[in-house]
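Residue numbers (the working numbering), protein chains in the order written: chain V, 1 to 161; chain G, 162 to 444; chain H, 445 to 758; chain W, 759 to 1415. Glycine included, each C-beta is placed from N, C-alpha and C at the ideal position. These notes are about the structure you will find just below.
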């Protein structure tokens, strides 16, 4: 489905919903402290540029990410979620990312079934050395979400700030 | 499939031998030809016990209740029920030596209208996997079949699926009957009820239903045994099995054919991992 | 009674007729019914895969598809080169569905390849499916007294990923079979060295050099003769032996037998049926050793590890 | 009511050039709970920190947000500032507006400013849920356990003991000394290995702070940093060490001969034996697998000849316990079995040996009296071919990594060969010469020039026997030609692999190991001697192939780490650990299963207030917990929370913008 027409952006899941003209997507990025957060810092130190739509949250390990963080983010503020951790085998906490990987796959497939586009929730492994990769990943996720349009699914209209 | 007499005899015998304090089984509802679970503490009452293809409920749900907790319990389990029992055993919720389990080689149960239940038609473990005594002729394991509704949903478009589920979540009244009827929802205090969770916020909009049901189904992912107690309990008749069966399918296909509770000591798919787990969905 | 499909390959009807004949004798003795693939075609040999990858798979594939139409679950091939091409095609087809889809269309009309027939060289079939014990049981005329250097060549066990049989560097299956026949297999280091193969015609000098080395080492090992299971090995070692002797001023006089020829002899078939007349190097001197008693060398070659594990008491 | 202070940093031009800092401050002021917001050129500078300290007092702030660089940079600095102002340091949150905003959105000032504002909002929201945390103090048992008595273990034990910290040194074999005691001379100085090692071995035995437990193995390790409890199994030696004088009469008379491990099986030892003459302790043990008396009940000669009556056939294995604070693992290396190199005829030809066998032969105390001989006929070889990288750097047959020490010891072997057999010649097939190290390149040159060793760059493709010679056929890559060397003896520099017991030991210790079995360090560059488990350190070849000086350096580094750990009576630990709310815990014990550090145990608590019936709940040992949060995410009851990263904190961040 073509989400983006000439002058208006519509939500891919809810075509009747048209984005306001100044709409900018919000990506919630949850990064593990040891690999991906360090990698994102390296992106900064090497001044690699990427779109400014991502909001980064630091967690100790990708295994700290409870699936309902993803659900919560999609329901409240985010148009897309990116979760990033250490490459398999590199986990600072030995095996955390292996457990996380299982949860992520199931969560993503479940969200896809209930009507979210698969690009709304994306995952990556970014090591502390992969500053450039982090920039690419953010760019890809942002581009994807821009194409999908605003997310307006099960949004909580007046959640507690 | 009628094991009523055998079960009555076994229950009476267990009481007589002093092996159990409580027996959990089925009796006729009294209103119609449907059955309801019954918790028997008086040996004289064993005559009300029945077991036919109308014995639909998963009785392991009663193991978490106060009147059976820490008591010696006799109970009847079908294939699916025994799988949830397996999980309760590994999750230390019940002790094996306190249970006397009558396993049934289940031929499938029927709904109110007398039609065979969908989960029974797709059942792959009809025989009880954990038991002290077995009733009926063993049927053996069958091949895993992807749920027909899931297969059908997969053919639908994104917008269509969204509309379908939006309606489901809108119709949820957040009564939590699904949770109470689920044998594997035994938490001391459910996460949705905890103040810190910010899950519920006191509204029953589609938004909070979405959040609660999604979280619930993810807590049961890799553990749900498809007994459909939740669906039977749901006053809004929501097709809750869709969420569970979707997770089950993804887990079966990706994580070494894992099926909840089939093997002794199984904890569910999220509490172990394999180096060979799929990695291609991650950038 | 076992049944097996049989792909003779071109050489079995030409240069290595004696191989073909003796294979049939051996199979008969071992109670194996052979069913020749009807209307088989060339495997493509060395030439096809230098020209076109697709062709090199398509040619054997047709044979594989034809083989699947027979009811047997195994196909055996005497020629090492044919075996190699067939097995390589099978392995690649099974592992690479994309290739399978592409090549399958090339043999359209014959049916679709399903991958249900196992492919084994004659050596592998004798070793794995017949079994040493069964072979031993059929021996009526043991060829004891013969010392034989077993030569496998490049293709029977290599590359390991394709053949999935025996050791790629120091195989022992043929040695075990000739020992089951009563002969003695000599420790022969050059059992998988290249004989020069298809350079036989285009650059004979290379063949003389490489095959010469093999003959030299076989002689050194004390062998009376060489045993092979490949028509091209046989022709290079046998046919070029005089040239080699002339070039390097040596005398080897090492007949080159097919494994099945020796099996047939041990099974009691008359020599006259072995088509020994087709051999360039006369075989009689080697066969004359049958019945001799071999003196065991004083120090048997033994693995160092084996010695270490033992302890002794004074 | 929360009173948050926000401090936005210019970072000179680093932030200010690309983010409109005053706008960020204005945005911050609009947040409900923010009572104070200000910007400054360098927040991390002393005046900047003073601003924070002043504002805390002046505005009675309850939490602080510093919007500046990455928390990985200055979190500690600002925490200290909070601490100085009398505030709990963990009430600080950092908004990373430099690495995550100004530096990566240099062409989009509005986007960068918006993002910085959002990051501040998120940090403020999180800080509201921050709790006061306190560093965890863990008491320490000041005793170190060293596993392995090779040069690494010896050095670590001596260095720790010299700091007057008691050490328990556990060695699997009857004597300490390890691989180094098997070597003849060492590169690049060619000093005698025994001469430099044996004094250290004696020091270990006589050191008042070292408890040497030979012929024993660690079988269990419980506890956490500073408070480990180790179980050590002392194998039965059947010899009473207290009365034994080490006279050796028993070994002389023992009739059973067994291949001698110390000499790589080249000669035989007895069933009752000391591994080598300089062994420490110099007491014999009976090898129960081969002793006729222990196997069949007949013989008993050693007991008869022992004047002291020290032989005790009834001795059994004994398990002893030690309370320790830290562990140094130094289990050393082994050589790879080259059998997969079938084209070399490994296993078929006696005259193909590995480098340690050669080392024993040329060693003065070796089985051949220091002269290399051919195992097949005992003749002295004149032409010796050395093949390097057998197994190393070979994905197809061996292992991918470079074994590091082979280039050097092969050069040494060439020199030693020349010293022992003057009219010999060494041919060395190599892939590369890796001689990085002080005096190493010169040493290789010396081997080439002085001894006339022929270095051939290329792989050996085949070895075959011709007469009593081994024909080594390989490639001389520099000439682009095939070469054949007629060799008397072939020495394979087989790959260095870790001890095969490493995976089991790693599981027992709760540390990780790589696919080859090498134990994994915590960080390849910055924490090369620590493991991911606090209080367990690695020395020597158990971590990766190393030569002797590197091994000794790492062992001393381990000692420094152990001494540092034991410097105080307690160990300070980050308070970011998980805690269980018992009332919510349902006791499913999934957290016990997923915890990578075995930090979670179970405890029984009353079912209800005053109830007699008990239920089981999880309990986290905060000394062991490393704060990964795996247990938090898998806890369905939400009974576990991770300090510093609680659910309310993270949810607050998510919903803040």
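Report yes if the CB atom of residue i is closer than 9 Å to the CB atom of residue j, and no otherwise.
| i | j | result |
| --- | --- | --- |
| residue 1192(W) | residue 1220(W) | no |
| residue 481(H) | residue 519(H) | yes |
| residue 264(G) | residue 226(G) | no |
| residue 97(V) | residue 59(V) | no |
| residue 619(H) | residue 1223(W) | no |
Can you give the Cα-Cα distance for residue i and residue j, rounded to whole angstroms?
| i | j | result |
| --- | --- | --- |
| residue 1363(W) | residue 1373(W) | 6 Å |
| residue 939(W) | residue 951(W) | 7 Å |
| residue 50(V) | residue 862(W) | 6 Å |
| residue 808(W) | residue 839(W) | 8 Å |
| residue 92(V) | residue 61(V) | 8 Å |
| residue 783(W) | residue 387(G) | 54 Å |
| residue 303(G) | residue 21(V) | 56 Å |
| residue 664(H) | residue 1225(W) | 8 Å |
| residue 19(V) | residue 1389(W) | 40 Å |
| residue 1121(W) | residue 942(W) | 4 Å |
| residue 237(G) | residue 170(G) | 13 Å |
| residue 1335(W) | residue 13(V) | 40 Å |
| residue 1287(W) | residue 341(G) | 52 Å |
| residue 792(W) | residue 31(V) | 26 Å |
CB-CB under 7 Å to residue i, same chain, minus the five flanking residues each way: which ones, in chain order?
| i | result |
| --- | --- |
| residue 404(G) | 374, 378 |
| residue 335(G) | 365, 369, 370, 373 |
| residue 363(G) | Legend: pLDDT at residue 363(G) = 49, less than 50; position of this residue unreliable, value from coordinates given subsequently. Nothing meets the Cβ criterion. |
| residue 167(G) | 296 |
State the beta-bridge partners of residue i as determined by DSSP.
| i | result |
| --- | --- |
| residue 411(G) | For residue 411(G), which the question treats as bridged, DSSP gives no partner whatsoever. |
| residue 1250(W) | 1112(W), 1145(W) |
| residue 156(G) | A query on residue 156(G) cannot be resolved here, the shown segment of chain G reaching from 162 to 444 and no further. |
| residue 970(W) | 927(W) |
Does the beta carbon of residue i come closer than 9 Å to any beta carbon on chain W?
| i | result |
| --- | --- |
| residue 637(H) | yes |
| residue 351(G) | yes |
| residue 393(H) | One cannot answer for residue 393(H) here, as it falls past the ends of chain H, which runs 445 to 758. |
| residue 257(G) | no |
| residue 132(V) | no |
| residue 614(H) | yes |
| residue 363(G) | Interpretation of residue 363(G) is limited by its pLDDT of 49, a score under 50 that renders its predicted location unreliable; no figure is taken from the coordinates. |
Under a CB-based cut-off of 9 Å, is residue i close to chain G?
| i | result |
| --- | --- |
| residue 1465(W) | Any question about residue 1465(W) goes unanswered here, given that chain W covers just 759 to 1415. |
| residue 1275(W) | no |
| residue 106(V) | yes |
Which residues in the same chain as residue i place their Cβ atom closer than 6 Å to its Cβ, once the five residues preceding and following it in sequence are excluded?
| i | result |
| --- | --- |
| residue 750(H) | Here residue 750(H) scores only 41 on pLDDT, less than 50, and its place in the model should not be relied on; the value that follows carries that caveat. Contacts found: none. |
| residue 490(H) | 642 |
| residue 785(W) | 875 |
| residue 774(W) | 768 |
| residue 1348(W) | 1392 |
| residue 271(G) | 214, 277 |
Checking contacts by CB at 9 Å: is residue i closer than that to chain H?
| i | result |
| --- | --- |
| residue 1222(W) | yes |
Can you find the residues in the same chain that come closer than 8 Å, C-beta to C-beta, to residue i, ignoring five residues on each side of it along the sequence?
| i | result |
| --- | --- |
| residue 338(G) | 391, 394, 395, 396 |
For residue i, would you say it is in contact with chain V, using Cβ-to-Cβ distances shorter than 9 Å as the test?
| i | result |
| --- | --- |
| residue 167(G) | no |
| residue 1317(W) | no |
| residue 376(G) | yes |
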